[in-house]
Amino acid sequence: MKRTIRTGALLGVAALALAACGDAPEDSGGGGGGETTAASSDFTGCMVTDAGGVDDRSFNASAYEGLKNLESSEGIDVQLAESTSDADYEPNVSQMVSQDCGIVVTVGFLLEPATSAAATANPEESFALVDSAPAEPIDNLKPLLFNTAEASFLAGYAAAGVTESGTVATFGGLPIPSVTIFMDGFVDGVARYNEDNGTDVKVLGWDKEAQDGSFTGNFDDQSAGRQLTENFISQGADIVMPVAGPVGLGAAAAAEADGNVKIIWVDSDGYESAAQYGPLFLTSVIKRIDTAVEDAATEAMSGDFTSEPFVGTLENEGVGIAPFHDFEDEVPQELKDQLDTLREGIVSGDIVVESPSTPGG
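Going by the working numbering, the sequence shown opens with residue 14, and the numbers climb by one from there.
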């Protein structure tokens, strides 16, 4: 019997209500998924970050890595425009359009209006938008979306199985779909662990039914992330999942200062991308943004670019959870086996993790 995990009432986010999902990105060791031409060195891949910047150790950095992979393997030119505030989005996108780019990659839900406007005004240009989509499809704009609720469900289950205090927490940068989808899955994973194991692990920072919780209000104020995390720690939380780009580094600093708190990172494997805090990371909820960007750029290079959305899932390995790294020996084998069984159930469709922000939901 198919089991459905519900995460609240539909928010009506039209930008993410997509009917079609793209094929899984092909991870070909940096070469992308399509055939390239001899003129690859004449191709320019351009990117506009959100306010977190390219060194966010998270989704901007991962997207940039996708283009840099093609710079190394195919000799393309890479141009970057870093945003420091919302006011930079439109001029930065316009700047990249003026660079005669083969593709313009914009990173983040907040860049959707500027990207959609530029794509509409420049139909000859190819655009890829990470973590959002226009309300109506645009022929030259490819959404790169990720059903992170599935992977966050596993992370929440793992957190509930490892916590010693019986309290875990999560918070976001802004209450936007690409953030709250992580928090939805995390809360439901904890709830499923409680149901399976007769426990009562509590989650601070997010009420999935009300779709309301704790946010720093931005993706760049690390002090706000530290303050929120310290507040969670004072309430007994010993595992925290920040969904806030570089703001999460503030959460890691608070965890390090406490000495008894673990962090779950998001977007990239924090053990590698934020290695200074490696010993704190229980796991990470990974989005293969790098491979999705690389494949979208390769499509543009080869003349096969389409506006068909890519949606990363556990099934196509567009999302997943990272290894437990330093905690590998501390996570019970029984819990690892439970996670494997849940992953198989989600991939097969026997378990459906629902979120108001699920792409195509």
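All C-beta atoms, glycine included, are put in the ideal place defined by N, C-alpha and C.
Given the structure is predicted, the values throughout are model-derived calculations rather than measurements.
- Counting C-beta atoms within 10 angstroms of its own C-beta, Thr97 has fewer than 16 neighbours from the protein chains shown and is therefore classed as exposed.
- Under the three-state reduction of DSSP, Ser139 is assigned to coil, being neither helix nor strand.
- Counting C-beta atoms within 10 angstroms of its own C-beta, Thr354 has fewer than 16 neighbours from the protein chains shown and is therefore classed as exposed.
- Of the residues assessed, Gly362 falls on the exposed side of the cut-off, its CB having fewer than 16 other CB atoms within 10 angstroms.
- If one requires a minimum length of 3 residues, the beta strand (DSSP E) runs lying completely within the stretch 82-131 are 90-94 and 116-120, in chain order.
- For Pro259, the closest C-alpha among the options Ile246, Asp213, Gln248 and Ser286 is that of Ser286.
- Assignment of Ala146 by DSSP, reduced to helix, strand and coil, places it in the coil class.
- Per the coordinates, the alpha-carbon of Leu154 lies some 25 Å from the alpha-carbon of Val279.
- Rounded to the nearest whole angstrom, the C-alpha separation of Asn244 and Leu93 is 37 Å.
- Assignment of beta-bridge partners to Met254 by DSSP yields Thr183.
- With respect to Ala264, Thr296 sits apart: the two C-beta atoms are not nearer than 8 Å.
- When Lys215, Glu312 and Arg301 are compared, the shortest CA-CA separation from Thr176 is found for Lys215.
- In the structure shown, Asp225 adopts extended strand secondary structure according to DSSP, grouped into three states.
- Straight-line measurement puts the Cα of Phe184 at about 8 Å from the Cα of Ala257.
- One thing to note: Gly65 has its Cβ within 8 Å of the Cβ of Asp233.
- Short of 6 Å from the beta carbon of Asp339, and not among the five residues preceding or following it, lie these beta carbons of its own chain, in chain order: Pro292.
- Listed in chain order, the non-local C-beta contacts of Asp251 below 8 Å within the same chain comprise Thr176, Glu177, Ser178, Thr180, Val181, Asn273, Val274 and Lys275, local neighbours out to five positions each way being set aside.
- The C-beta of Asp201 has 16 or more other C-beta atoms within 10 Å across all chains shown, which makes the residue buried.
- At the C-beta level, Val67 and Glu95 come within 8 Å of one another.
- Residue burial is scored here from C-beta neighbours: Ala134 has fewer than 16 other C-beta atoms within 10 angstroms and is therefore classed as exposed.
- DSSP places Gly218 in the coil class of the three-state scheme, outside both helix and strand.
- Apart from sequence neighbours up to five positions away, the residues of its chain that approach Ser165 with a beta-carbon distance below 6 Å are Phe195, Gly198, Phe199 and Val298, ordered along the chain.
- With a threshold of 16 other beta carbon atoms within 10 Å, Ala310 meets it and is buried.
- Scanning the stretch 302-346 from its first residue to its last, the whole beta strand (DSSP E) runs of 3-plus residues come out as 323-325 and 332-334.
- For the pair Gly174 and Trp219, the Cα-to-Cα distance works out to about 19 Å.
- Collapsing the DSSP output to three states places Ser297 in a strand.
- Two segments are said to touch when three or more pairs of C-beta atoms, one from each, lie closer than 8 Å; by this definition the stretch 155-162 touches the stretch 136-147.
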